[in-house]
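Shown next, in structure tokens, is the structure this report addresses.
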Amino acid sequence: MTNTTTNNLLLLAGRVLLSAMFILSGYPKLLDPAGTAGMIAGAGFPAATLLAYLAGLFELVAGLFVLVGFQTRTAAILLALFAAFTGLVFHSGTINVPDFPAAANGMLTMFNGLMMMKNLTIAGGFLALAAVGAGAYSLDARRRGSVAIAA
Numbered sequence: 007m008t009n010t011t012t013n014n015l016l017l018l019a020g021r022v023l024l025s026a027m028f029i030l031s032g033y034p035k036l037l038d039p040a041g042t043a044g045m046i047a048g049a050g051f052p053a054a055t056l057l058a059y060l061a062g063l064f065e066l067v068a069g070l071f072v073l074v075g076f077q078t079r080t081a082a083i084l085l086a087l088f089a090a091f092t093g094l095v096f097h098s099g100t101i102n103v104p105d106f107p108a109a110a111n112g113m114l115t116m117f118n119g120l121m122m123m124k125n126l127t128i129a130g131g132f133l134a135l136a137a138v139g140a141g142a143y144s145l146d147a148r149r150r151g152s153v154a155i156a157a
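The sequence shown lines up with residues 7 to 157 when you count with this note's numbering.
The following block contains the structure:
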């Protein structure tokens with residue numbers, strides 16, 4: 007395989023992996039937004055159920071856009087912002103569940119910090135995708151009539 011073919015296959019694999027979490031997370035929010043609405047309300051945002059539906063719709067649609075490589079740079083930037091925002095707002099802080107042992111709350115706080123780092127890492131992946139584009143195996147490439155990405 008040429009360098010260009012390898013790069014395009016890697017971009018396709020990256021798009022599949024980056025989009026999977028958002029597609030698989032967004033769809034269930036549309037079916038049952040209660041858990042997400044609870045987190046949103048717990049963070050002090052109004053209209054939590056509406057925001058949960060909007061988050062689910064955004065995750066599903068933007069994830070599908072990245073998957074098929076349609077408007078990839080825009081979708082990737084928006085998903086990077088979304089991942090960073092949700093990481094910082096919902097996963098940066100101490101967890102203190104009443105009546106839980108201190109060790110359990112400590113473990114939950116550590117896990118929450120890992121979730122924040124995961125979100126920031128995903129944001130970085132989306133920014134890299136926004137920088138290079140979707141590659142040859144995408145709707146963006148078909149629309150432009152181009153099939154190669156620089157090696």
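Each residue gets a CB set at the ideal place from its N, CA and C atoms; glycine is no exception. Fair warning: this is a prediction, and the values are worked out from it, not measured in the lab.
- Taking C-beta atoms under 8 Å as the contact rule, residue 61 and residue 42 qualify, at a distance of about 6 Å.
- Secondary structure of residue 144 (DSSP, three-state): coil.
- If you draw a straight line from the Cα of residue 72 to the Cα of residue 45, it comes to about 26 Å.
- Per the coordinates, the alpha-carbon of residue 121 lies some 10 Å from the alpha-carbon of residue 114.
- If the five residues before and after residue 90 are omitted, its C-beta is found closer than 7 Å to the C-beta atoms of 125, 126, 129, all from its own chain and listed in chain order.
- The stretch 54 to 68 and the stretch 95 to 102 do not touch, with fewer than three beta-carbon pairs separated by less than 8 Å.
- Around the Cβ of residue 14, a 10 Å sphere holds 16 or more other Cβ atoms; the residue is buried.
- Going by DSSP, residue 138 is part of the alpha helix (DSSP H) stretching over 108 to 138.
- Scanning 139, 148, 150, 151 for the CA closest to the CA of residue 21 turns up 139.
- Its chain contains 86 as the residues whose beta carbon lies nearer than 6 Å to that of residue 133, once the 5 sequence neighbours on both sides are disregarded; these appear in chain order.
- DSSP, reduced to helix, strand and coil, places residue 75 outside both helices and strands of the structure shown, so it counts as coil.
- In this structure, the CA atom of residue 40 is about 23 Å from the CA atom of residue 106.
- Proximity to residue 23 across 144, 131, 145, 141 peaks at 131, based on C-alpha coordinates.
- Look at residue 31 here: in three-state DSSP terms it is helix.
- Close CB contacts of residue 102 within its chain, under the 6 Å cut and outside five residues either way in sequence, are with 111 (chain order).
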